[in-house]
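S.K.: In UniProt numbering, the protein residues as written are 1 to 181.
Just passing along the structure, written as structure tokens.
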Amino acid sequence: MAPTRTGVASGVERARQVAASVVDPELPMLTLADLGVLRDVEATDDGTVVVSITPTYSGCPAMATMRDDLVRRLQEEGYDDVRVRVALHPAWTTDWITDRGRAALAEAGISPPAPRAAAGALRSASRAPVPLTLGPTRRQVRCTRCDSAEVELISEFGSTACKAMYRCRACLEPFDHVKEI
């Protein structure tokens, strides 16, 4: 017997909750939902669960692990046929990180990204040219330990390519900062 529309809807909502609970392999204090890479969960007429995720950047090495973790968790919850689709448009932005995700990053000692508008990266909705700047990237970064704004960039690439490494000039502690995209 085919599931009723109500049964499909409740099954999709349950699948969405399961998918939303999967943690990011590089930032395990965040779920894929809190990171903003979980885009959609739907079910086809034949019962296949289709999960859409967007990479934080096109070369993200964690995508295969995210896919595998999503499939495994959903299958553990009884969803036999699971497909993961990569959605590249619109491109992921750090603005999609939830407030809960930003708080979890800070609690884990990782500086969360500033909103893109505050970071100077927000452009109008038009397709206006983006100016090329070759100077250092300016970010609003505060030390995750002492909250000082007196920080210095150590490396544009931190423990993962989507993070930069900073050091606090006040307490001398190094820390990662998630780059605004």
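Ideal placement from N, C-alpha and C gives every residue a C-beta, glycine not left out.
I believe A19 touches L38 by the beta-carbon criterion, under 8 angstroms. Please report the beta-carbon distance rounded to the nearest angstrom.
M.R.: At roughly 6 angstroms, the Cβ-Cβ gap stays under 8 angstroms, so A19 and L38 are in contact.
S.K.: Using three-state DSSP, classify L153 as helix, strand or coil.
M.R.: DSSP places L153 in strand when its eight states are reduced to three.
S.K.: I'd like the span of the alpha helix (DSSP H) that includes E173, first residue to last.
M.R.: Element bounds for E173: n/a, residue is neither H nor E.
S.K.: Measure how close the beta-carbons of V49 and V22 come, nearest whole angstrom, since I'm counting them as under 8 angstroms.
M.R.: Between V22 and V49 the Cβ distance is about 13 angstroms, and since that is not below 8 angstroms, they are no contact.
S.K.: Once the 5 residues before and after L74 are set aside, which same chain residues still bring their CB inside 8 angstroms of it?
M.R.: These residues qualify, in order along the chain: A15, V18, A19, V49, V51 and V82.
S.K.: Kindly indicate the opening and closing residues of the beta strand (DSSP E) around A164.
M.R.: Note, A164: beta strand (DSSP E), K163 to C168.
S.K.: Which same chain residues, not among the five before or five after Y57, have their C-beta less than 8 angstroms away from its C-beta?
M.R.: Counting only Cβ-Cβ distances below 8 angstroms, and skipping sequence neighbours, we find W92, A161, C162 and I181.
S.K.: Express the C-alpha separation of D24 and D34 in angstroms, rounding to a whole number.
M.R.: Distance between the alpha carbons of D34 and D24 is about 9 angstroms.
S.K.: Looking only at its chain, what residues have a beta carbon closer than 6 angstroms to the beta carbon of D69, apart from the 5 residues adjacent to it on each side?
M.R.: Cβ within range, chain order: V22.
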